[in-house]
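Using my numbering, you'd call the opening residue of the sequence shown number 13 and step up by one each time.
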Amino acid sequence: MQVASVIDTLRTLVGFDTVSVNSNIALIDWVANRLADHGIRATVQHADEEGKANLFATIGPDDRGGLMLSGHSDVVPVVGQSWHTDPFQLTEIDGSLYGRGSADMKGFIACVIEMVPRFIAARPRTPVHIALSYDEETSMRGMRQLVAHLASAPTRPAACIIGEPTSMRVVVANKGAAGYRVRVGGHSVHSSLRDSGVSAVEVAARIIVQCQAMQARLRESGRHDGFEFPHTSVHVGRIQGGTAHNITAKDCEFMLEIRALPGITAVELIDDLRRWCEAEVLPGMRAIAPDCFIEFDQIFDTPPLDERGNTYLAQAIMPLCGHGQVGRVSFGTEAGILQGVGVPTIVCGPGRIAVAHQPDEHVEIEQLDRCLRLLDTLASRLDTDALLRPA
Ligand SMILES: [Zn+2]
Numbered sequence: 013m014q015v016a017s018v019i020d021t022l023r024t025l026v027g028f029d030t031v032s033v034n035s036n037i038a039l040i041d042w043v044a045n046r047l048a049d050h051g052i053r054a055t056v057q058h059a060d061e062e063g064k065a066n067l068f069a070t071i072g073p074d075d076r077g078g079l080m081l082s083g084h085s086d087v088v089p090v091v092g093q094s095w096h097t098d099p100f101q102l103t104e105i106d107g108s109l110y111g112r113g114s115a116d117m118k119g120f121i122a123c124v125i126e127m128v129p130r131f132i133a134a135r136p137r138t139p140v141h142i143a144l145s146y147d148e149e150t151s152m153r154g155m156r157q158l159v160a161h162l163a164s165a166p167t168r169p170a171a172c173i174i175g176e177p178t179s180m181r182v183v184v185a186n187k188g189a190a191g192y193r194v195r196v197g198g199h200s201v202h203s204s205l206r207d208s209g210v211s212a213v214e215v216a217a218r219i220i221v222q223c224q225a226m227q228a229r230l231r232e233s234g235r236h237d238g239f240e241f242p243h244t245s246v247h248v249g250r251i252q253g254g255t256a257h258n259i260t261a262k263d264c265e266f267m268l269e270i271r272a273l274p275g276i277t278a279v280e281l282i283d284d285l286r287r288w289c290e291a292e293v294l295p296g297m298r299a300i301a302p303d304c305f306i307e308f309d310q311i312f313d314t315p316p317l318d319e320r321g322n323t324y325l326a327q328a329i330m331p332l333c334g335h336g337q338v339g340r341v342s343f344g345t346e347a348g349i350l351q352g353v354g355v356p357t358i359v360c361g362p363g364r365i366a367v368a369h370q371p372d373e374h375v376e377i378e379q380l381d382r383c384l385r386l387l388d389t390l391a392s393r394l395d396t397d398a399l400l401r402p403a
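Following this line, the structure appears as C-alpha cells:
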C-alpha cells in the first residue's frame with residue numbers, strides 16, 4: 013500500500029472547501045465516483061436542506077452487519093486564523109501534510125478510500141461499510157440522519173471505528189456535550205426604584221452562581237481519572253443583557269455548556285437547575301411582575317461515548333495500533349450517537365487532536381502510514397478473527 017497515493021487522495025479531499033457552512037456535495041460525489049470506479053455503489057443520502065449529504069457504501073455481502081469505517085466530511089472555518097500555507101491546498105513540509113482537515117479528519121478518509129481495492133480483494137464474508145457524514149462540526153445532524161436510516165435497515169454495522177485524530181490510539185470514551193440558552197425576563201424600572209423592578213442581569217447572576225455550586229457538587233460527587241478534567245464540567249461562556257446603568261434590565265441571556273461524564277446526563281442537571289429556579293427565584297420575581305420568566309432552550313446535545321458498550325471491540329483493535337493503553341477524550345464525537353442505536357464504536361485515527369481546528373493544521377505522513385497498516389491488518393483478519401461480535 014503506497015502512502016504516495018494516499019497523499020494524492022488527501023490533496024483532492026483538502027481541495028474541497030467543506031467548511032460546515034458550505035456544501036459538501038462535491039466531495040461526496042467525488043468519493044461516490046471513486047467507489048464506482050471499483051464497482052462499489054454508494055448510497056448518497058441527501059439532507060432536507062440543500063447542499064448536504066451523507067454517503068454510505070458496503071463492500072462485501074449486504075445481508076449482515078460488518079465493520080463500519082466512519083468519517084465526517086466537513087471541516088471547521090479558517091476565518092480569522094493566520095495560516096502559513098493555503099489551508100485548502102495540501103502542502104508537504106518536513107514529513108507533515110498541512111491543510112484544513114488534514115488531521116480532522118480527511119487523512120483518515122483518504123486512507124479508507126485508498127484501501128478499497130484491498131478490502132475488495134480480501135473478499136470478506138464480513139462486510140466493510142464506509143460512512144461519510146456532514147455537519148459533524150456543528151449540529152451532528154448528518155450522523156443523526158444516517159443513524160435513523162441504519163436503525164430501520166435490515167442489518168446494521170456490527171462495529172464502528174470513527175477515525176477522528178487520536179494519534180492512532182484507541183479511544184473508548186468521550187464526554188457528552190450539551191448547550192443551553194438561558195433567557196431571563198425581568199421588569200424594567202428606573203434604577204432609583206430598583207425594588208419595584210426585576211433586574212434580569214441580577215437574576216442571571218444568581219443562576220450562574222448556582223451553576224458554580226453545581227460544579228462544586230460535581231467535583232465532590234464523582235470523578236473519572238481517565239479524563240484530563242476528571243469531572244462533569246459546567247461552564248458559562250457568554251452573557252448578554254441590560255441596556256443602561258440606570259435601568260433595571262428587562263432581558264438577559266447566557267450560554268450554559270455541560271460536558272458530562274458517561275453515565276451522567278445533562279438533562280438531569282438542567283432539570284435540577286430548573287427546579288431550583290422555580291422554587292427559589294421565580295416566586296420573588298413574579299411577586300413584583302407576573303410576566304417575569306426563566307427559560308431554558310437546548311441548543312445542542314451530543315451523547316457521551318460509554319466504554320461499557322465497546323470493551324470487546326477496543327480489546328480487539330488495541331493490539332493492532334501499537335498503543336498499550338486506551339484513551340478517553342473530552343471532545344465530542346459522533347460515537348455516542350452510533351452507540352445509541354446499538355453499534356459498538358471506538359474512535360481511532362491518524363493525526364493529533366492538538367492541531368485540529370488550529371491554523372497550520374497538519375498530519376504526519378507516518379500517522380497515515382500507521383493508519384494504512386491498521387486497515388490492512390483489519391482487511392486480512394475480518395474473516396479469520398472474531399473482531400466483530402454481533403451487536
Ligand atoms: Zn473531527
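Each residue gets a CB set at the ideal place from its N, CA and C atoms; glycine is no exception. Predicted model, so just to flag it, every value in this text is computed and none were measured.
Candidates the options: closest to residue i by CA position
| i | options | result |
| --- | --- | --- |
| I142 | L294, G83 and H58 | G83 |
| R153 | A391, T345, L230 and R23 | T345 |
| C333 | L273, S200, V140 and R385 | R385 |
| T284 | P295, C223 and A216 | The sequence shown places Asp at residue 284, not Thr. Cα-wise, what sits closest to D284 is C223. |
| P129 | Q157, G72 and M80 | G72 |
| E62 | F68, D147 and S108 | D147 |
| A189 | H374, G348, E373 and G352 | G348 |
| T244 | R271, H58 and V56 | R271 |
| P9 | A44, G51, R181 and E292 | Since the first and last residues shown for the chain are 13 and 403, residue 9 lies out of range. |
| T70 | G296, V87, I132 and T314 | I132 |
| R193 | D309, I173 and V43 | D309 |
| L268 | G253, I220 and I37 | I220 |
| E240 | G363, P166 and N186 | N186 |
| W42 | S85, D74, L81 and V15 | S85 |
| R23 | N66, G113 and D263 | G113 |
Span separating the alpha-carbon of residue i from that of residue j
| i | j | result |
| --- | --- | --- |
| E176 | P136 | 25 Å |
| M226 | C304 | 24 Å |
| V183 | G361 | 9 Å |
| G238 | G339 | 7 Å |
| A261 | R287 | 23 Å |
| F266 | I251 | 4 Å |
| A403 | L25 | Since pLDDT at A403 reaches only 41, below the 50 mark, its modelled position is unreliable, and the value read off the structure follows with that caveat. Distance between the alpha carbons of A403 and L25: 32 Å. |
| T21 | L47 | 13 Å |
| Y110 | E373 | 6 Å |
| T55 | L325 | 26 Å |
| V215 | G198 | 8 Å |
| N258 | S200 | 10 Å |
| V3 | P315 | Residue coverage of the chain in this structure runs from 13 to 403, which leaves residue 3 outside it and unanswerable. |
| V353 | D318 | 13 Å |
| T138 | D98 | 41 Å |
| A134 | V140 | 10 Å |
| I365 | F343 | 9 Å |
| R320 | L273 | 13 Å |
| A278 | M155 | 20 Å |
| G275 | V159 | 21 Å |
| D106 | R393 | 34 Å |
| R382 | K118 | 15 Å |
| R235 | V90 | 35 Å |
| V18 | D388 | 14 Å |
| T103 | S145 | 25 Å |
| Q370 | V246 | 24 Å |
Residue i - containing alpha helix (DSSP H), residue span
| i | result |
| --- | --- |
| Y161 | Checking the displayed sequence, the identity of residue 161 turns out to be His instead of Tyr. Run containing H161: R153 to S164, per the alpha helix (DSSP H) assignment. |
| Y324 | T323 to I329 |
| E126 | G119 to E126 |
| L350 | A347 to G352 |
Enclosing beta strand (DSSP E) for residue i [first to last residue]
| i | result |
| --- | --- |
| I358 | T357 to V359 |
| V341 | G339 to V341 |
| S82 | L79 to H84 |
| E376 | H374 to E376 |
| S145 | V140 to S145 |
| C431 | The structure shown does not extend to residue 431, since the chain is modelled only from 13 through 403, so no value can be given for it. |
| E6 | Any property of residue 6 remains undetermined from this structure, which presents the chain solely from 13 to 403. |
| L109 | S108 to Y110 |
| A185 | V183 to N186 |
Cβ-based burial, residue i [other Cβ within 10 Å; buried from 16]
| i | result |
| --- | --- |
| I329 | buried |
| E290 | exposed |
| F312 | exposed |
| Q379 | buried |
| G77 | buried |
| R168 | buried |
| S211 | buried |
| A299 | exposed |
| E307 | exposed |
| L205 | exposed |
CB contact below 8 Å: residue i versus chain C
| i | result |
| --- | --- |
| A16 | No chain C is present in this structure, which holds just one protein chain. |
Every unbroken beta strand (DSSP E) inside the segment 26-65 [3 residues or more]
Within the segment 26-65, the complete beta strand (DSSP E) segments of 3 residues or longer fall at 54-58, listed in chain order.
Please list the segments of the alpha helix (DSSP H) lying wholly inside the segment 189-261, counting only runs of 4 or more residues, in order along the chain.
Restricted to the segment 189-261, the alpha helix (DSSP H) segments that are unbroken, complete and at least 4 residues in length are 212-233, listed in chain order.
Which ranges would you report for the alpha helix (DSSP H) in the segment 262-309 if only whole runs of at least 4 residues count?
Counting only unbroken stretches of 4 or more residues, the alpha helix (DSSP H) elements lying wholly within the segment 262-309 are 278-288 and 294-300, in sequence order.
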